[in-house]
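Chain order of the listed sequences is B and U.
Reading the first sequence from the start, the letters are residues 187 to 300 in our numbering.
Reading the second sequence from the start, the letters are residues 2 to 112 in our numbering.
Backbone N, C-alpha and C fix where the C-beta goes; we use that ideal spot for every residue, glycine too.
Have a look at the structure below, then the notes.
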Amino acid sequence: DTAVSQTPKYLVTQMGNDKSIKCEQNLGHDTMYWYKQDSKKFLKIMFSYNNKELIINETVPNRFSPKSPDKAHLNLHINSLELGDSAVYFCASSQVTGVTGELFFGEGSRLTVL
Amino acid sequence: GENVEQHPSTLSVQEGDSAVIKCTYSDSASNYFPWYKQELGKRPQLIIDIRSNVGEKKDQRIAVTLNKTAKHFSLHITETQPEDSAVYFCAATAAGNKLTFGGGTRVLVKP
């Protein structure tokens, strides 16, 4: 009964490859997010979708492309992976737009680029 | 945009002592201030939050205070226990805007 689930949990790949991370939430929330947590534990928002519509798009290389097929799913595709993309990527959801309520995080997907 | 500074970056306390983490924010329009706890290898989870119409909030051994004039807020953990060891993040947001996190504080409670 995981509220926010993301797959895969671990991803090891070579530079230049393309990879995807999938996220699903069963909380009925309207808003979903991707956060990146680097090796120093800093949490930085990348994207936010509200009911399939992109509402936050931070300064992220265009190699990163989010896609929300419906409000329960938000996927992240990364092209031409670079060493600096190595991080833990967290999906999250919240009930209200504008994040004045609790963020529910997934377990994270640890991406290692070799 | 919002900028959130968090101090200290690491905090080591003896079991039973108190721990205090402080954050400052830049956007005077911010009105929601949550705190998240992230245990090693786990996801961040909300432990307490405060809104701008409240100066202090308490939940068992944790409390948060907010000073809107000075634009700073703090997390207080009393009677610390080994299970309080984790990374704690403060955050701030104004309605309709994204949540901005502080840099995190790694708390170690020594038995």
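Residue i vs residue j beta-carbon contact at 8 Å
i                : j                : result
Gln192 (chain B) : Ser295 (chain B) : yes
Leu260 (chain B) : Tyr221 (chain B) : no
Gly105 (chain U) : Phe228 (chain B) : yes
Lys223 (chain B) : Ala278 (chain B) : The amino acid at residue 223 (chain B) is misidentified as Lys; the sequence shows Gln. Their beta carbons are not under 8 Å apart, which means Gln223 (chain B) does not touch Ala278 (chain B) by this criterion.
Thr25 (chain U)  : Glu6 (chain U)   : yes
Leu12 (chain U)  : Val108 (chain U) : yes
Ala30 (chain U)  : Ala95 (chain U)  : yes
Ala189 (chain B) : Phe276 (chain B) : no
Ile63 (chain U)  : Ser19 (chain U)  : no
Lys257 (chain B) : Asn243 (chain B) : no
Thr66 (chain U)  : Ser75 (chain U)  : yes
Ile264 (chain B) : Arg249 (chain B) : yes
Val172 (chain B) : Leu262 (chain B) : Residue 172 (chain B) lies beyond the range of chain B shown here (187 to 300); nothing can be said about it.
Tyr37 (chain U)  : Arg52 (chain U)  : no
Lys195 (chain B) : Glu293 (chain B) : yes
Those residues which DSSP pairs with residue i across a bridge
i                : result
Ala87 (chain U)  : U:Val108
Leu229 (chain B) : B:Gln223
Lys257 (chain B) : In the DSSP output, where bridge partners are listed per residue, Lys257 (chain B) has none listed.
Thr199 (chain B) : B:Val299
Ile207 (chain B) : B:Leu262
Gln15 (chain U)  : U:Lys111
Ile78 (chain U)  : U:Ala20 and U:Ile63
Ile241 (chain B) : In the DSSP output, where bridge partners are listed per residue, Ile241 (chain B) has none listed.
Simplified DSSP assignment, three categories, for residue i
i                : result
Asp224 (chain B) : coil
Leu269 (chain B) : helix
Ser10 (chain U)  : coil
Ala92 (chain U)  : strand
Pro247 (chain B) : coil
Asn236 (chain B) : strand
Asn68 (chain U)  : strand
Leu289 (chain B) : coil
Extent of the continuous beta strand (DSSP E) run through residue i
i                : result
Ala273 (chain B) : Ala273 to Ser280
Trp190 (chain B) : In the sequence as displayed, the identity of residue 190 (chain B) is Val instead of Trp. Run containing Val190 (chain B): Val190 to Thr193, per the beta strand (DSSP E) assignment.
His215 (chain B) : No beta strand (DSSP E) holds His215 (chain B); DSSP gives it neither H nor E.
Gln46 (chain U)  : Gln46 to Arg52
Ala20 (chain U)  : Ala20 to Tyr26
Gln61 (chain U)  : From DSSP, Gln61 (chain U) is part of no beta strand (DSSP E); its letter is neither H nor E.
Asn4 (chain U)   : Segment: none, Asn4 (chain U) is in no beta strand (DSSP E) and carries neither H nor E.
Lys99 (chain U)  : Per DSSP, Lys99 (chain U) belongs to no beta strand (DSSP E) and is neither H nor E.
Gln39 (chain U)  : Tyr33 to Gln39
Ser1 (chain U)   : Limits of chain U in this structure are 2 at one end and 112 at the other, which puts residue 1 (chain U) out of reach.
Cβ of residue i within 8 Å of any chain D Cβ
i                : result
Ile242 (chain B) : Absent from the structure is chain D; the protein chains it does hold are B and U.
Check distances from the C-beta atoms of the segment 62 to 90 of chain U to those of chain B and list, in chain order, the residues that come in under 9 Å.
So the close ones are Val88 and Phe90.
Selection of the segment 30 to 61 of chain U by Cβ proximity to chain B, strictly under 9 Å:
Cβ contacts with chain B come from Asn32, Tyr33, Pro35, Tyr37, Gln39, Gly42, Lys43, Arg44, Pro45, Gln46, Leu47, Asp50 and Arg52.
Members of the segment 226 to 240 of chain B that neighbour chain U once the beta carbon cut-off is set at 8 Å:
Under the 8 Å Cβ criterion, the segment 226 to 240 of chain B contributes Lys226, Lys227, Phe228, Leu229, Lys230, Ile231 and Ser234.
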